[in-house]
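Q:
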Amino acid sequence: METVNIKINGKPVVVEKGTKILAAAKKVGIKIPTLCAHNDLEPWAACGICVVKVEGSPRMVRACATDVVEGQNYITHDAELQGVRKTVIEMILADHPNDCLRCARNGVCELQDIAADFAIREIPFKRNVKDVAIDDSTPSLIFDQKKCINCGRCVQVCQQLQNVWALEFIGRGEGTRMAGAGDVLMSETPCIKCGQCSAHCPVGAIYEKDETTTVINALKDPELHVAVQIAPAVRVAVGEAFGMEPGSISTGKIYAALRMLGFDAIFDTNFAADLTIMEEGSEFVHRLTNQGVLPLITSCCPAWVDFMEKYANDMIPNFSTAKSPQMMQGAVTKTYYAQKVNIPREKIYSVSVMPCTAKKFEITRCDDMKSSGCDDVDVVLTTRELARLIKRSGIDFATLEDEQADSPIGHYTGAGTIFGATGGVMEAAIRSAYTLVTGEELEEIDIDAVRGMDGVKVGEVDIKGTKIKVAVAHGMANVQSLIDEVRQAREKGSEPPYHFIEVMACKGGCIAGGGQPYFTDDEVRAKRIAGLYQDDKECTIRKSHQNPEIKQIYAEFLGEPNGHKAHELLHTHYIPRQKYKK
Amino acid sequence: MGKMTLEELRNLRNSAKKEMNKRDTEGKDIEIIIGMGTCGIAAGAKETLAAFMKKLEENNISNVIVRQTGCMGLCYVEPTVEIKAPGMPNTIYGKVDAEVAAKIVVDHIVNKQLVSNHIFDRPAADIIK
Amino acid sequence: MAYKNYILVCGGTGCESAKADDIYKSLLSAVEANGLESDCQVVKTGCFGFCEKGPIVKVLPDEAFYVEVKPSDAEEIVKENIIKGRLVERLLYKEDPNSAAKKDADEIKFYQKQVRVVLRNCGMIDPENIDEYIARDGYGALEKVLFDMTPDDIINELKVSGLRGRGGAGFPTWMKWNFSKGVEADQKYIVCNADEGDPGAYMDRSTLEGDPHSVLEAMAIAGRAVGASLGLIYIRAEYPLAIHRLEVAMKQAREYGLLGKNILDSGFDFDIEIRLGAGAFVCGEETALLSSIEGNRGMPWPKPPFPAVKGLWGKPTVINNVETFANIPVIILKGGKWFSSIGTEKSSGTKVFALTGKIANSGLVEVPMGTTLREIVYDIGGGIKGGKAFKAVQTGGPSGGMLTTEFLDTPVDFDTLVAAGSMMGSGGMIVMDEDDCIIDVAKFYQEFCVEESCGKCSPCRIGTRKLYDILEKISQGKGQMSDLEKMEEIGSAMKKAALCGLGQTAPNPILSSIKNFRHEYISHIENGKCEAGKCKHLVTFTILEDKCIGCTLCARKCPVNCIAGDKKVPHVIDQSKCIKCGACYESCKFGAIVKR
């Protein structure tokens with residue numbers, strides 16, 4: 001590692017070559033304020049607040065975008081810098097609605113924090129708030145351009161991290177604003193509802209469609225039997241909203257809180273993750289042994305499904321027809337569970353708690369999502385909404401005693417829980433596919449090749465002499481190279497480059513989904529992922545096919561994996577879609 | 001001419017130089033050079049060009065070649081025209097509309113007299129020889 | 001039959017009022033008295049500039065340039081100059097001994113303030129005929145760099161020449177080239193910035209229209225120097241004629257093998273493509289320009305890294321503007337030393353200006369660096385239109401500052417302009433007279449920046465607007481003295497924190513005018529008065545009872561019918577309805593309407 005010796009406010013520090021001043025300052029405990037820089041993104045240098053001085057130069061430079069230079073001393077805070085920053089912040093506030101009390105980001109807003117730190121008591125400039133209507137055209141997200149401070153993160157996320165290009169800057173001069181590409185409603189853009197824009201937005205300009213009140217109303221309805229499921233990634237993140245460390249496993253606390261909130265049945269999506277492995281794993285083994293279309297590509301991630309239907313619908317034959325765990329859980333809740341407790345499906349209200357905004361869209365993606373005869377899932381809350389619901393109900397989350405989920409569709413294995421991390425679906429599938437093919441149990445079940453934060457991971461699994469080539473991609477932009485490889489092989493008529501591909505739209509997987517608590521970066525991702533692998537380790541059963549409740553549901557209700565009933569309830573189909581509506 | 005070698009370029013330069021200095025091609029020894037930049041065209045240089053052609057034809061004048069060039073810098077008096085005629089100083093005329101063009105043909109080209117009120121000075125000497 | 005001599009008498013407005021007509025008549029009679037009617041023609045001409053020194057008389061073919069000529073001098077001019085062929089020394093123009101501009105005295109007629117280096121071929125050759133360019137040593141520089149010079153020689157020649165970028169900031173061109181040359185890369189690019197966007201500036205357009213090959217040749221030279229094989233010209237689509245001329249020139253150059261593969265059998269490949277810009281001012285900023293070429297929104301990115309190191313598609317990219325390139329073939333041919341002999345020590349060569357505004361002779365002028373504003377405005381531009389009083393000159397367009405009379409004798413170069421609170425910019429030079437209101441002008445530029453900010457960084461996007469808002473308030477008479485401080489506060493934040501040159505310089509017109517024209521701001525704020533009568537809210541039109549004869553013309557012209565009065569009875573303006581359009585003021589033939 002090539003290093004550079006610099007000084008921050010006179011204090012010597014050695015950093016890696018190529019480090020930005022902002023990061024170097026952080027190393028010596030100096031926080032340089034910014035509203036646009038984000039560890040996930042290349043510096044965009046929009047807000048103008050992170051300016052610092054280089055000793056000996058009259059200019060100010062952007063700390064977010066400037067590499068440190070050997071021998072230089074950077075002044076990060078002095079009266080002049082504070083003055084310039086304050087003026088810029090005042091100008092930003094002059095163009096902002098400042099309606100904090102009614103804002104989704106009240107209390108978790110980067111602009112609010114900075115305004116507090118700079119003791120802004122008045123705005124000395126003429127107010128000029130954008131006059132743009134709120135766009136709530138998708139089931140997932142709300143875009144309120146009035147609050148946008150043009151930091152550019154959402155556009156960068158959508159274009160660079162996700163390669164979706166549903167958001168762009170339009171207009172010019174002072175009229176510049178982020179908007180749906182072509183300035184159309186978001187529902188008419190190629191938006192995949194991943195919600196990464198909302199997770200990166202520093203203010204309340206993009207936020208999830210809040211359904212907490214819908215859920216509260218359902219809970220108070222005496223006619224309804226309200227069932228809830230929680231996704232794998234929720235358990236290692238929701239605690240952050242209550243001051244817990246990222247990655248703290250709070251499964252038991254969540255069950256307890258949900259029970260206190262009045263849910264009638266507490267289930268876990270991890271159960272359905274195990275179910276997914278049974279279906280998708282069987283599908284894979286079937287294709288592998290019957291010269292089916294390969295590679296098989298996972299379909300658990302609704303944002304990825306939406307992306308594929310718009311940008312790569314030639315891949316439809318490769319897609320697993322297995323529904324996502326959320327939808328499987330919903331389907332069995334309103335059929336299998338409904339039968340067991342003898343409640344008509346119409347009286348069961350199915351709530352899911354997801355790390356994901358696209359899940360709100362998935363429940364109406366196509367008619368297959370009504371396999372029970374009515375909506376399999378009625379409403380989706382994101383992790384952020386769950387935290388809000390718990391707080392609103394006065395529950396002191398951090399001190400709750402752990403409780404258990406309900407049977408018969410509430411128990412899970414370690415394979416189910418790792419679905420929330422990139423590579424987890426693949427790892428879980430391998431653990432069971434091995435058994436499905438060979439009839440024997442895999443001994444070494446930690447598959448390191450598919451773990452970790454590399455954007456594309458490839459590996460090879462030996463199933464008793466059959467080499468299975470697998471690939472894992474996360475962060476939508478990383479998928480393109482895999483798709484291209486598959487297409488090339490198909491055009492040439494050669495062997496597919498892989499047998500099995502896992503894709504998750506969000507970097508790191510669901511643990512960093514668009515509905516997770518704010519301030520996610522790679523450090524937070526790593527902790528949440530570690531939490532899930534820890535949960536996996538702590539499970540006595542770590543392979544889906546060994547889950548007793550899974551065995552039970554096939555024996556009592558579903559019959560065979562990929563069998564007739566399973567197909568009716570647990571599988572779906574895909575539709576080529578236009579990128580732009582109209 | 002196709003792609004050139006160094007030698008061919010040098011030969012072309014020499015012959016083109018002579019050509020430019022001689023300015024007597026096929027019996028045409030008088031030049032009318034019209035400033036055809038955006039400024040000139042906006043001020044009506046195309047109409048001026050048409051007027052010259054018309055007047056030359058009317059007077060059966062065949063020893064004149066009409067050419068175009070870029071902006072001479074005298075934007076306030078566009079359209080501008082330079083006349084090069086043997087025995088007379090090279091002259092730049094400004095604000096040359098159709099009427100002035102006709103007058104230039106008759107007075108300057110035919111009668112060898114300068115036309116009053118429209119002469120302007122070339123703003124700078126040609127120092128790059 | 002042609003005449004032997006021609007006596008040209010300047011008939012420009014300035015000279016006309018200084019009795020040019022009498023001189024013309026005196027010369028005519030002197031010619032007649034000496035029987036020279038068939039040898040000598042006396043002609044009245046258009047304006048020759050130098051109006052302060054008028055009337056001007058010029059004798060051809062001797063090129064004698066007489067200034068401050070009186071009718072009584074006619075006889076002497078005819079007797080001495082025409083008959084005896086001797087110049088009348090006492091009337092000859094003598095150069096201002098104070099001028100800082102170095103000129104090559106041997107080659108330039110000393111009365112000419114202008115020198116043509118960049119514009120050497122403009123107005124001389126047919127831009128659509130490559131042979132004419134070649135005849136004027138065109139592609140001779142390319143020939144020289146391909147066969148007689150190493151890339152280091154080329155860069156060294158530029159270093160000796162002292163050429164600085166003509167796009168505005170004046171960065172030494174050789175350094176840019178040298179940075180690029182020093183970077184290892186599989187591909188490098190040469191980009192010509194022809195995105196001329198300052199209001200009132202058209203130097204580059206004229207250069208491309210008049211001499212497109214000079215830019216093509218220079219780009220190929222740059223390619224040779226840094227090791228690039230592709231050049232891109234980024235030009236605004238609003239310049240159709242320039243684009244056409246470039247396309248014709250490129251085609252001809254390719255046919256001759258002066259662009260393309262293996263140029264002149266030297267083994268050097270270089271070709272050029274055109275990229276059209278949509279006319280966003282910010283795309284003149286080099287990183288925004290590159291973003292635009294890459295197909296993205298024209299938004300600047302932070303520097304460093306500089307494009308010379310990491311530019312177009314991440315590759316080393318030399319970006320120079322049209323005028324910078326147009327200098328290069330001459331530097332190669334005549335030598336860096338020759339070039340550095342023109343202009344001042346730190347700013348060598350010439351600068352082309354588009355001289356516009358309240359100037360008698362607007363036009364494209366090229367002067368050696370170091371020429372004073374006075375020489376440009378009065379000697380070349382012929383002074384202020386209509387003989388009004390000079391108020392200010394704006395250099396550097398929306399990024400520059402307003403310079404007052406006290407700067408008239410400042411030699412114009414990169415550094416003196418910055419020291420005076422303005423900047424060279426690309427060469428727009430807008431002259432203002434007593435009828436211009438400084439607040440109004442500052443508002444114009446600020447509005448331009450509000451619209452042309454790329455919208456990326458908050459200091460610029462919001463700052464330009466806040467500045468405009470305050471100016472608007474002041475122009476409406478609602479300003480406070482604290483607003484001046486507020487503008488200075490915003491301005492200094494923008495200068496320090498804006499991402500690119502546009503935002504960093506956008507407050508310049510305001511900051512410089514607060515400094516140089518503070519009294520005008522005070523007069524708007526404290527007295528509620530706009531002396532120039534431009535700020536509508538601060539102007540009242542009233543009809544003087546004693547002068548109005550009741551002709552009713554003003555009442556008929558008034559678009560809102562707010563003037564009342566019977567025929568032959570003094571009229572009255574209803575101030576509550578008046579929209580201050582000034583139609584009445586313009587129409588009154590009796591001077592009965594006053595604007596205050």
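Chains as they are written, first to last, in the numbering used here: chain A, 1 to 582; chain B, 1 to 129; chain C, 1 to 596. Note that the Cβ used here is the ideal one computed from N, Cα and C, for glycine as well. Remember, it's a predicted structure, so these values are computed and weren't measured experimentally.
May I ask you to report which of helix, strand or coil DSSP gives Leu-163 (chain C)?
A: Mapped onto the third sequence, residue 163 (chain C) falls at position 163. Coil at Leu-163 (chain C), not helix or strand.
Q: Tell me where the alpha helix (DSSP H) around Leu-525 (chain C) begins and ends.
A: Taking the first residue of the third sequence as 1, we reach residue 525 (chain C) at position 525. At residue 525 (chain C) the sequence reads Ile, which differs from the Leu that was named. Unbroken alpha helix (DSSP H) run through Ile-525 (chain C): 518–526.
Q: In the DSSP assignment, find the beta strand (DSSP E) that holds Thr-5 (chain B) and state where it starts and stops.
A: Position 5 of the second sequence, counted from the start, is the residue given in the question as residue 5 (chain B). Counting along the chain, Thr-5 (chain B) falls outside any beta strand (DSSP E), and DSSP gives it neither H nor E.
Q: Could you pull the start and end residues of the alpha helix (DSSP H) that Tyr-66 (chain C) belongs to?
A: For this step, residue 66 (chain C) is matched to residue 66 along the third sequence. Taken as a continuous stretch (DSSP letters only), Tyr-66 (chain C) belongs to no alpha helix (DSSP H), being part of the beta strand (DSSP E) at 64–66.
Q: For Lys-103 (chain C), name the three-state secondary structure that DSSP assigns.
A: Taking the first residue of the third sequence as 1, we reach residue 103 (chain C) at position 103. The predicted model places Lys-103 (chain C) with a pLDDT of 45, which falls under 50 and marks its position as unreliable; any figure quoted below should be read in that light. If DSSP states are grouped into helix, strand and coil, Lys-103 (chain C) belongs with coil.
Q: Report the neighbours of Lys-84 (chain B) on chain C: residues whose CB is nearer than 8 angstroms to its CB, in chain order.
A: The residue labelled residue 84 (chain B) in the question sits at position 84 within the second sequence. By Cβ distance, chain C contributes nothing, its closest Cβ being about 11 angstroms from Lys-84 (chain B), past 8 angstroms.
Q: Please confirm if Lys-17 (chain B) has its CB atom under 7 angstroms from at least one CB of chain C.
A: Start at 1 with the first residue of the second sequence, and residue 17 (chain B) comes out as number 17. Yes - at least one Cβ of chain C is within 7 angstroms of the one on Lys-17 (chain B).
Q: Which chain C residues sit within Cβ distance under 9 angstroms of Leu-6 (chain B)?
A: Taking the second sequence and counting its residues from 1, the one referred to as residue 6 (chain B) is at position 6. Chain C residues near Leu-6 (chain B): Glu-143, Leu-146, Phe-147, Leu-264, Asp-265 and Ser-266.
Q: For the segment 52–66 of chain B, which residues have a beta carbon sitting closer than 7 angstroms to at least one beta carbon of chain C?
A: Those residues of the segment 52–66 of chain B that come within reach of chain C (Cβ to Cβ, closer than 7 angstroms) do not exist; the list is empty.
Q: Can you tell me the Cα-Cα spacing of Gln-145 (chain A) and Ser-371 (chain A), whole angstroms?
A: Position 145 of the first sequence, counted from the first residue, corresponds to residue 145 (chain A). Position 371 of the first sequence, counted from the first residue, corresponds to residue 371 (chain A). Those two C-alpha atoms are separated by around 38 angstroms.
Q: Identify the contact partners of Phe-307 (chain A) in chain C, using a Cβ-Cβ distance below 7 angstroms as the criterion.
A: Indexing the first sequence from 1 puts residue 307 (chain A) at position 307. Within chain C, no residue comes near Phe-307 (chain A); the closest Cβ sits about 22 angstroms away, beyond 7 angstroms.
Q: Got a sec, what are the start and stop residues for the alpha helix (DSSP H) Ile-483 (chain A) sits in?
A: What you label residue 483 (chain A) is simply residue 483 of the first sequence in a count that begins at 1. Start and end: 479–492.
Q: Is there contact here, the segment 288–304 of chain C with the segment 490–507 of chain C, by at least three beta-carbon pairs under 8 angstroms?
A: A contact exists between the segment 288–304 of chain C and the segment 490–507 of chain C.
Q: What does a CB cutoff of less than 8 angstroms around Gly-204 (chain A) pick up in its chain, not counting 5 residues either side in sequence?
A: For this step, residue 204 (chain A) is matched to residue 204 along the first sequence. So the qualifying residues of the chain are Cys-103, Ala-104, Arg-105, Asn-106, Cys-109, Asp-144 and Lys-147.
Q: Counting pairs of beta carbons, one from the segment 29–36 of chain C and one from the segment 100–119 of chain B, are three or more of them closer than 8 angstroms?
A: At 8 angstroms Cβ cutoff, the stretches do not touch.
Q: From Val-486 (chain A) to Asn-296 (chain C), what distance separates their C-alpha atoms?
A: Along the first sequence, read from residue 1 onward, the residue named residue 486 (chain A) stands at position 486. Along the third sequence, read from residue 1 onward, the residue named residue 296 (chain C) stands at position 296. Spanning the two alpha carbons is a distance of roughly 29 angstroms.
Q: Is the CB of Ile-462 (chain C) under 7 angstroms away from at least one CB in chain A?
A: Working through the third sequence from its first residue, we reach residue 462 (chain C) at position 462. Yes, because at least one Cβ of chain A sits closer than 7 angstroms to the Cβ of Ile-462 (chain C).
Q: At 9 angstroms on the CB atoms, spell out the chain C contacts of Gly-44 (chain B), in chain order.
A: As a position in the second sequence, residue 44 (chain B) is number 44, starting the count at 1. In chain order: nothing, as chain C lies at least about 15 angstroms away.
Q: Determine which residues share a DSSP beta bridge with Asp-135 (chain A) and list them.
A: For the purposes of this step, residue 135 (chain A) is taken as residue 135 along the first sequence, with counting starting at 1. According to DSSP, which records beta bridges pairwise, Asp-135 (chain A) is partnered with A:Phe-143.
Q: Going by the beta-carbon positions, is the gap between Ala-98 (chain B) and Ala-51 (chain B) smaller than 7 angstroms?
A: Taking the first residue of the second sequence as 1, we reach residue 98 (chain B) at position 98. Taking the first residue of the second sequence as 1, we reach residue 51 (chain B) at position 51. Result yes, Cβ atoms of Ala-98 (chain B) and Ala-51 (chain B) sit closer than 7 angstroms.
Q: So does the segment 228–238 of chain A actually touch the segment 342–361 of chain A, counting three or more Cβ pairs closer than 8 angstroms?
A: Yes, the segment 228–238 of chain A is in contact with the segment 342–361 of chain A.
Q: Scan the segment 475–489 of chain A for residues whose Cβ lies nearer than 8 angstroms to a Cβ of chain C and list them as they occur along the chain.
A: Those would be none; no residue qualifies.
Q: Between the segment 64–78 of chain A and the segment 523–543 of chain A, do three or more beta carbon pairs fall short of 8 angstroms?
A: No contact exists between the segment 64–78 of chain A and the segment 523–543 of chain A.
Q: For the alpha helix (DSSP H) containing Asp-440 (chain C), list its first residue and its last residue.
A: Position 440 of the third sequence, counted from the start, is the residue given in the question as residue 440 (chain C). Per DSSP, Asp-440 (chain C) belongs to the alpha helix (DSSP H) from 438–452.
Q: Check the C-beta distance from Asp-62 (chain C) over to Leu-87 (chain C) and give it rounded, since I have them as a contact under 8 angstroms.
A: Residue 62 (chain C) sits at position 62 when you count from the first residue of the third sequence. Residue 87 (chain C) sits at position 87 when you count from the first residue of the third sequence. Contact flag correct, Cβ pair sits at about 7 angstroms.
Q: Helix, strand or coil for Gln-72 (chain A), going by three-state DSSP, please let me know.
A: Taking the first sequence and counting its residues from 1, the one referred to as residue 72 (chain A) is at position 72. The answer is coil: DSSP assigns Gln-72 (chain A) none of H, G, I, E or B.
Q: Excluding sequence positions up to five away, which residues of its chain have a Cβ less than 7 angstroms from the Cβ of Ile-575 (chain A)?
A: Position 575 of the first sequence, counted from the start, is the residue given in the question as residue 575 (chain A). Once the five neighbours on either side are set aside, the close Cβ partners of Ile-575 (chain A) are Glu-309 and Cys-366.
Q: Taking the straight line between their C-alpha atoms, what separation do you get for Tyr-6 (chain C) and Pro-316 (chain C)?
A: Taking the third sequence and counting its residues from 1, the one referred to as residue 6 (chain C) is at position 6. Taking the third sequence and counting its residues from 1, the one referred to as residue 316 (chain C) is at position 316. The alpha-carbon atoms of Tyr-6 (chain C) and Pro-316 (chain C) are separated by roughly 57 angstroms.
Q: Would DSSP call Asn-290 (chain A) helix, strand or coil?
A: Position 290 of the first sequence, counting from 1, holds the residue named residue 290 (chain A). Correct three-state label for Asn-290 (chain A): coil.
Q: Taking 7 angstroms as the CB-CB limit, is Glu-184 (chain C) close to chain A?
A: Residue numbering aside, residue 184 (chain C) sits at position 184 when the third sequence is read from its first letter. Cβ-Cβ to chain A under 7 angstroms: no for Glu-184 (chain C).
Q: Is the CB-CB distance between Thr-520 (chain A) and Ala-512 (chain A) below 7 angstroms?
A: The sequence position of residue 520 (chain A) within the first sequence is 520, counting from 1. The sequence position of residue 512 (chain A) within the first sequence is 512, counting from 1. Contact flag set, yes.
Q: Classify Met-1 (chain A) as buried or exposed, calling it buried when 16 or more other Cβ atoms lie within 10 Å of its own Cβ.
A: What you label residue 1 (chain A) is simply residue 1 of the first sequence in a count that begins at 1. The residue is exposed, with fewer than 16 neighbouring Cβ atoms inside 10 Å.
Q: Does the separation of the CB atoms of Asp-598 (chain C) and Cys-283 (chain C) fall below 7 angstroms?
A: Coverage of chain C is limited to positions 1 through 596, which leaves residue 598 (chain C) absent and any answer about it impossible.
Q: Output yes or no for whether 7 angstroms exceeds the beta carbon distance between Ser-512 (chain C) and Gly-397 (chain C).
A: Here residue 512 (chain C) refers to the residue found at position 512 of the third sequence. Here residue 397 (chain C) refers to the residue found at position 397 of the third sequence. In this structure, Gly-397 (chain C) does not lie closer than 7 angstroms to Ser-512 (chain C) by Cβ.
Q: Only counting the same chain, and skipping five residues up and downstream in sequence, which positions put a Cβ closer than 7 angstroms to that of Gly-600 (chain C)?
A: The structure shown has nothing for residue 600 (chain C), since chain C only spans 1 to 596.
Q: Who pairs with Thr-466 (chain A) in a beta bridge, going by DSSP?
A: The residue given as residue 466 (chain A) occupies position 466 in the first sequence. DSSP, once it has assigned bridges, lists A:Ile-463 as partnering Thr-466 (chain A).
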